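Each remark here refers to the structure printed beneath this line.
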Amino acid sequence: MSFDSATVAAFVDGELDDLTARRIERDAESNPELAAEIARHRALKQQLAAHYAPVAGEPVPERLRALLVPPVAAVDTSIGTRREARRTPFAAIHWGAIAASLILGLALGLRPWIPAASIAEADGTIIAAGPLAKALDTQLASNQPSDAAVRIGLSFRDSAGRYCRSFESESLNGIGCNDSGRWHLERMTGGQPDADYRQASSGELAAAAAAMMAGDPFDAAAERQARDKGWRRR
Amino acid sequence: MRFEEELVELLPRLRRFARGLARHAADADDLCQAAIERGLKSRDQWQQGTRLDSWMYRITRNLWIDERRAAGRRGVHAPIDEAATQVAGDGAAEVEAGALRGDVDSAMARLPDEQREVVMLVLVEGYAYREAADILEVPVGTVTSRLARGRETLMHLLGEAA
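These protein sequence lines map, in sequence, to chains A and B. Numbered as in my numbering, the first sequence ends at 238 without a single skipped number. Numbered as in my numbering, the second sequence ends at 499 without a single skipped number.
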């Protein structure tokens, strides 16, 4: 039995049905001409693959990567930083301050003559309320007033696909993640009215955010787009 | 996974494909850049659940063809029997010498575009005939016949030099 060149090529490319492939294999055992033809095709394929393989192994030039992964100057989200942030138990350091803020906020929430509280409790978790919820819902980091009561930091998606945003205010700093329209407060520390402390706290918050995020923090356009979609998971 | 992330993962392979088409590294990366920009711009046309790689390969290849047509180089679409014996334009002698040294780049440069792209997709990128046909938007029979001619030329140029 003889096979034409197209069939030999298809055999080498793995495009033949099993029956024909077995026939050609068997035939090649006793047909040196066919065996040589198969070897010739295989050699070409290997030569081409070997020639182009190094290109795929090269590091991708930054100008190409940058089109897809916008560099964020202010925040170091490198793997190293994320690991570092994971090693540091963020919560352990600040539980005292958090507890104080919580008690204060919850207590304030019960008194209607005091300005609306910024946190509330729902189904056993702490969620943003009042002006904080409003800021998380609507405020864009890219165009917030410098004297805003709540300052939005980074917006990003976490590994569960939720939209999360870090924020700072006079009484409370933290990260809220949107779940079914509510901002669950994942990380919280007491706010820092003093500018120097605030800066230190910002760094910690950014590191905590970096540890949580899947992918990169949003740029202005992505932030706006997410807000316009109501921070809902796709 | 986000569109951008998936595309980032695809980049090494896309660069390889572009290198095969455009030959020179800088041209290939320019082609990649144009393809990424086009991909981002028309991402709404990509249907979630379909293969992003095939879609991006098609974009890359179409941009390359557009560019080649715009450049209007002669001899590119010459039939294979002519292309195998004559190379149009400058550097023909170099290409010839390179091919005789078993230089894959030079041998590939001698293939007409429509054969080179099939060779890249099937022999280098490992696509099935059917998948390559989808990317190129041609019948499977066209893929196999172009592949056969490209292969013969390459084996002739590279095989004899080995």
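Ideal Cβ positions, reconstructed from N, Cα and C, are used throughout, including at glycine. Because the structure is a prediction, the values reported are computed rather than measured.
Unbroken alpha helix (DSSP H) run spanning residue i, endpoints
i	result
residue 409/B	Element bounds for residue 409/B: n/a, residue is neither H nor E.
residue 34/A	22-34
residue 443/B	441-446
residue 226/A	224-232
residue 354/B	340-359
residue 9/A	9-16
residue 70/A	66-72
Reference residue i; option with closest CA among the options
i	options	result
residue 43/A	28/A, 55/A, 56/A, 57/A	28/A
residue 36/A	232/A, 7/A, 152/A, 122/A	7/A
residue 187/A	139/A, 214/A, 227/A	139/A
residue 339/B	161/A, 225/A, 66/A	161/A
residue 163/A	135/A, 178/A, 220/A, 189/A	220/A
residue 51/A	401/B, 409/B, 457/B, 350/B	457/B
residue 401/B	383/B, 357/B, 384/B	357/B
residue 17/A	454/B, 354/B, 393/B, 481/B	481/B
residue 449/B	364/B, 465/B, 405/B	405/B
residue 158/A	124/A, 134/A, 67/A, 225/A	225/A
residue 379/B	463/B, 490/B, 393/B, 368/B	393/B
residue 127/A	25/A, 189/A, 237/A, 147/A	189/A
residue 371/B	385/B, 465/B, 387/B, 396/B	396/B
residue 136/A	172/A, 151/A, 31/A	172/A
residue 54/A	384/B, 462/B, 382/B	462/B
residue 452/B	398/B, 366/B, 376/B, 384/B	398/B
residue 9/A	31/A, 45/A, 22/A	45/A
residue 124/A	34/A, 234/A, 180/A, 165/A	180/A
For residue i, three-class secondary structure by DSSP
i	result
residue 477/B	helix
residue 157/A	strand
residue 129/A	strand
residue 141/A	helix
residue 151/A	coil
residue 498/B	With a pLDDT of 46 at residue 498/B, under the threshold of 50, the predicted position of this residue should be treated as unreliable, and no value is reported.
residue 364/B	helix
residue 450/B	helix
residue 381/B	helix
residue 52/A	helix
residue 220/A	coil
Residue span of the beta strand (DSSP E) that contains residue i, given as start and end
i	result
residue 126/A	123-126
Under 7 Å by beta carbon: chain C residues contacting residue i
i	result
residue 353/B	The structure shown has no chain C; the protein chains it does contain are A and B.
Nearest-angstrom beta carbon gap, residue j and residue i [assumed within contact, 8 Å]
i	j	result
residue 209/A	residue 122/A	16 Å between Cβ atoms; not a contact.
residue 213/A	residue 184/A	That belief does not hold up - the Cβ atoms of residue 213/A and residue 184/A are roughly 21 Å apart, past 8 Å.
residue 347/B	residue 389/B	7 Å
residue 442/B	residue 360/B	6 Å
residue 488/B	residue 13/A	6 Å
residue 374/B	residue 71/A	7 Å
residue 495/B	residue 48/A	7 Å
residue 130/A	residue 145/A	Wrong, their Cβ atoms sit about 22 Å apart, outside the cutoff.
residue 182/A	residue 167/A	5 Å
residue 60/A	residue 352/B	7 Å
residue 491/B	residue 455/B	Not quite, the Cβ-Cβ distance comes to about 12 Å (not below 8 Å), so this is no contact.
residue 142/A	residue 236/A	That belief does not hold up - the Cβ atoms of residue 142/A and residue 236/A are roughly 14 Å apart, past 8 Å.
residue 240/A	residue 193/A	One cannot answer for residue 240/A here, as it falls past the ends of chain A, which runs 5 to 238.
Check: residue i C-beta below 7 Å from any heavy atom of the ligand SAH
i	result
residue 223/A	What this structure holds is no ligand at all, so the ligand SAH is not there to describe.
Practice prompt. Jot down the residue ranges of each uninterrupted beta strand (DSSP E) in the region 165-199 of chain A, minimum 3 residues, whole runs only, in chain order.
Written response: Listed in chain order, the complete beta strand (DSSP E) runs (minimum 3 residues) inside the region 165-199 of chain A are 167-173, 176-183, 186-194.
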